[in-house]
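*Asks:* Numbering that gives the first Met the number 0 puts the first residue of the sequence shown at 0, with every later residue one more than the last.
Shown below is the structure under consideration.
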Amino acid sequence: MDENNKMDDIARLKEAILKEYPRLHKNDSFKFRCHSGVPCFNECCGDVNIFLTPYDIMRLKNNLGITSQEFLAKYTISPFDKNLKYPVLLLKMNDDVRKSCPFVGDKGCGVYPDRPWACRMYPLGLATSRESSQTIDSEFFFLLQEATCKGFCEEHEQTIEQWLADQGIEEYNMAGEDFKDITLHPRLQNVKGGLSLQQVEMFHTACYNLDKFRRFIFESSFLDKFEVAPDTLEKLKNDDEALLKFGYKWVRFSLFGEQTLKVKDDVFRAKRLELEKKLAAKEKRETN
Ligand code: SF4
Ligand code: SF4
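In structure tokens:
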């Protein structure tokens, strides 16, 4: 299946979820248990569309001990869809009959402590909807109850809240908040004609390619232009989580024009002078 079909499938599923799936909330319970004794063990780890968040990618590449560049090249695909407002990444399945996940093995998930958010959530999904009378999106959970999944035949019952706690979802949600704010930002949602190639590249580097973003900070003229506190700078050298948060600030600064980073005074003055000169030259041209 090519990447465009994948996006069409995802859009159809989204529509069905909003229209047909029962809406669940944190206190609702469901019967389900997944363990190595179920007859379908590992069957769900193939031919699936798993969107990767920046935090997922950071955790996975560190689990595998490879660079973000290597991870992106080997394990991700970037579907093209004219309706997408920003670059999204999917986990690339193997090119075998089952289209299996590259991380699944006989004993289950090979990256289990750092498995992506979507894998932690399964069989739960999270959707947002906005009714015509509402101005704020409301969130609800739904169950992806596939016939092949025998976990639903188990007697173990839990609330959605318990499931989320068992799967360590809160940590992922907290780390994902800043990214969610960016993706829902009105400036991004309402951008006419989509982001420019340069903006796409900048977004991709800051959010997904942390090693490249680190080189951008330390090996370009970035630090000549921006003030960064010494303790922050020290963290950015080795702490990927701090680097990712800093990346989000950079995206907000460069895409939305927010004052999330401080430009050095001399750079600011030089820029202002340059702008004033340009304006003066323009005025002169117009009066001649
Ligand atoms: S990352 Fe792990 S849990 Fe997720 S699909 Fe792959 S093997 Fe399965
Ligand atoms: S199909 Fe369901 S029960 Fe079977 S391994 Fe996957 S999640 Fe577990």
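Cβ coordinates follow ideal geometry from the N, Cα and C atoms, glycine included.
1. Which residue or residues does DSSP assign as beta-bridge partners of serine 137?
2. For the alpha helix (DSSP H) holding leucine 243, just list the boundary residues, first then last.
3. When you get a sec, list the residues whose CB is within less than 5 Å of any heavy atom of ligand 3, chain order please.
4. In terms of alpha-carbon separation, which member of Leu90, Ser35 and Met6 lies closest to proline 53?
5. Return the residue from the list Leu71, Leu83 and Leu23 that minimises the CA-CA distance to leucine 183.
6. If you measure from the CB of asparagine 41, is any heavy atom of ligand 2 nearer than 7 Å?
7. Would you tell me roughly how many angstroms separate the C-alpha atoms of valine 96 and glutamine 258, rounded to the nearest one?
8. Can you give me the Cβ contacts of glutamate 275 inside the same chain, cut-off strictly under 6 Å, excluding the 5 residues immediately before and after it?
9. Which of the three DSSP states, helix, strand or coil, is assigned to isoleucine 16?
10. Could you tell me if glutamate 174 is buried or exposed, where buried requires 16 or more neighbouring beta carbons within 10 angstroms of its beta carbon?
11. At a cut of 8 Å, does the region 213-226 reach the region 256-271 through at least three beta carbon pairs?
12. Given a cut-off of 8 Å on the beta-carbon distance, is the pair phenylalanine 178 and tyrosine 247 in contact?
13. Looking at C-alpha atoms only, which residue of Ile49, Pro38, Pro21 and Cys39 is the closest neighbour of aspartate 8?
14. For isoleucine 65, name the three-state secondary structure that DSSP assigns.
15. Does cysteine 108 come out as helix, strand or coil in the three-state DSSP assignment?
16. Secondary structure at threonine 147, three-state DSSP: helix, strand or coil?
17. By a C-beta neighbour count over all protein chains shown, 10 Å radius and 16 as the cutoff for buried, is serine 28 buried or exposed?
*Replies:* In brief:
1. Counted from its first residue, the sequence shown places residue 137 at position 138. Under DSSP, serine 137 takes part in a beta bridge, and its partners are Ser128.
2. Translated into the one-based positions of the sequence shown, residue 243 becomes position 244. From DSSP, the alpha helix (DSSP H) with leucine 243 extends over 239-255.
3. Summarising the ligand content, the structure contains ligand 1 and ligand 2 and does not contain ligand 3.
4. As a working mapping, residue 53 is identified with position 54 in the sequence shown. With distances taken between Cα atoms, proline 53 lies closest to Leu90.
5. One-based indexing of the sequence shown puts residue 183 at position 184. Nearest in C-alpha terms to leucine 183, of all of Leu71, Leu83 and Leu23, is Leu83.
6. Locating residue 41 in the sequence shown gives position 42, where the first residue counts as 1. Yes, the Cβ of asparagine 41 comes within 7 Å of a heavy atom of ligand 2.
7. Along the sequence shown, read from residue 1 onward, the residue named residue 96 stands at position 97. Along the sequence shown, read from residue 1 onward, the residue named residue 258 stands at position 259. Answer to the nearest angstrom: the Cα atoms are 50 Å apart.
8. Here residue 275 is taken as the residue at index 276 of the sequence shown, counted from 1. Cβ-Cβ distances below 6 Å link glutamate 275 to nothing in the same chain once the five nearest sequence neighbours on each side are left out.
9. For the purposes of this step, residue 16 is taken as residue 17 along the sequence shown, with counting starting at 1. Isoleucine 16: helix per DSSP, three-state reduction.
10. Taking the first residue of the sequence shown as position 1, residue 174 is located at position 175. The sequence as given places alanine at residue 174; glutamate does not occur at that position. Using a 10 angstroms sphere on the CB of alanine 174, the tally of other CB atoms reaches 16 or more, which defines it as buried.
11. Taking 8 Å as the limit for Cβ pairs, the verdict is that the region 256-271 does touch the region 213-226.
12. For the purposes of this step, residue 178 is taken as the residue at position 179 of the sequence shown. For the purposes of this step, residue 247 is taken as the residue at position 248 of the sequence shown. In contact: phenylalanine 178 and tyrosine 247 (Cβ atoms closer than 8 Å).
13. Translated into positions along the sequence shown, residue 8 becomes position 9. The residue with the shortest Cα to Cα distance from aspartate 8 is Ile49.
14. Residue numbering aside, residue 65 sits at position 66 when the sequence shown is read from its first letter. Coil at isoleucine 65, not helix or strand.
15. In the sequence shown, residue 108 corresponds to position 109, counting from 1. In this structure, cysteine 108 counts as strand in the three-state DSSP scheme.
16. The residue given as residue 147 occupies position 148 in the sequence shown. The three-state reading of DSSP puts threonine 147 in coil, since its state is none of H, G, I, E or B.
17. Here residue 28 refers to the residue found at position 29 when the sequence shown is read from its first residue. If you draw a 10 Å sphere on the C-beta of serine 28, you find fewer than 16 other C-beta atoms in it, and that means exposed.
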